[in-house]
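Okay, so here's the structure we're looking at.
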């Protein structure tokens, strides 16, 4: 087995998006989705390419890492390699060694599929479990009920409203019109939609972006937010139901979302929208 760590470059991002889509399934743990890469694309194609790492096995991509931050890598692994001992040892070594160019020195985090061999190895090597996250999933076999909300796809003409809702939903958000345009120009957005929810007066009060991984594959909600001035009216549940309906229209088998377990309000919102919680996931942290 010849394993090579590298970066795809801008020209290789389409291949990465493709393999991430191929690896998605409704069984097994939730892992890095093409939509995660698509959401990162708001920072531009060059920065996105610079944040991606690939591990090739005899020339074929066997794992993809995305550096959400210099101290956090999120890793997706081909299903047939998730329990491979040799491959896991290489991944673990590469994540632990700053000179390999995956993670910086000091306190760092690794997100890998729950139950994968690399996660077991890092834990045995002294890495600790970080705070739990709750993934939730909704089956899309049957038609989705009406959301009861006026919801419309975002276009370039309404993107400013979408980004304004995002900034008003999350403290510290830097989502601008330029970043929406960069995201919308990215390869993953070909199978994505942004939705804007309005109240009875036509005011934009909620927004969501959904990402397809292809027909018959799980679709991702990332992100969803409600304007802080319009909370407490059920808009979060409504826009999430609309997001599920859009993913079904795009051919997704299920809709998936993930939120920190301590965010009990978000978990309750997704459950109210018909999502069922899956077993919690945890990153691994090396405290340096």
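Numbering (the UniProt record's numbering), first residue to last: 1 to 288.
A virtual CB, placed ideally from N, CA and C, is assigned to each residue, including glycine.
Model, not experiment: these values are computed from the prediction.
- Within the model, the alpha-carbon separation for residue 143 versus residue 245 is close to 7 Å.
- Looking at the backbone, the Cα of residue 68 and that of residue 7 are separated by about 15 Å.
- Apart from sequence neighbours up to five positions away, the residues of its chain that approach residue 267 with a beta-carbon distance below 8 Å are 134, 136, 259, 261 and 277, ordered along the chain.
- Secondary structure at residue 4: strand, using DSSP grouped into helix, strand and coil.
- When beta bridges are read from the DSSP output, residue 224 appears opposite 208.
- The closest CA to that of residue 239, considering only 279, 247 and 195, is found on 195.
- Short of 6 Å from the beta carbon of residue 4, and not among the five residues preceding or following it, lie these beta carbons of its own chain, in chain order: 56.
- Excluding residues up to 5 positions away in sequence, 100 lie with their Cβ nearer than 8 Å to the Cβ of residue 93 in the same chain.
- In the DSSP secondary-structure assignment, residue 65 is bridged to 53 and 75.
- Minimum Cα-Cα distance from residue 122 among the listed residues 96, 149, 146 and 147 corresponds to 96.
- Residue 18 carries a helical assignment under DSSP once its states are collapsed to helix, strand and coil.
- Unbroken alpha helix (DSSP H) stretches of 4 residues or longer found wholly inside the stretch 115-153: 117-124, given in chain order.
- The straight-line gap separating the alpha-carbon atoms of residue 257 and residue 33 is approximately 11 Å.
- Taking all protein chains shown into account, residue 233 has fewer than 16 neighbouring C-beta atoms within 10 Å of its C-beta and is therefore exposed.
- Per DSSP, residue 235 is one residue of the alpha helix (DSSP H) stretching across 235-249.
- Between residue 41 and residue 66, the alpha-carbon positions lie close to 11 Å from each other.
- Secondary structure of residue 70 (DSSP, three-state): coil.
- Secondary structure note for residue 189: it is in no beta strand (DSSP E), with a DSSP letter that is neither H nor E.
- Its chain contains 92 and 96 as the residues whose beta carbon lies nearer than 8 Å to that of residue 125, once the 5 sequence neighbours on both sides are disregarded; these appear in chain order.
- For residue 237, the CB contacts under 7 Å within the same chain, skipping 5 residues up- and downstream, are 269, 272 and 273 in chain order.
- By the Cβ test, the stretch 43-61 is not in contact with the stretch 212-228, since fewer than three Cβ pairs between them sit closer than 8 Å.
- Close CB contacts of residue 118 within its chain, under the 6 Å cut and outside five residues either way in sequence, are with 88, 91, 92 and 112 (chain order).
- For residue 205 against residue 198, the beta-carbon gap comes to about 6 Å, under 8 Å, which counts as contact.
- Separation of residue 77 and residue 201 (C-alpha to C-alpha, rounded to the nearest whole angstrom) is 46 Å.
- Going by C-alpha positions, residue 17 is about 18 Å away from residue 80.
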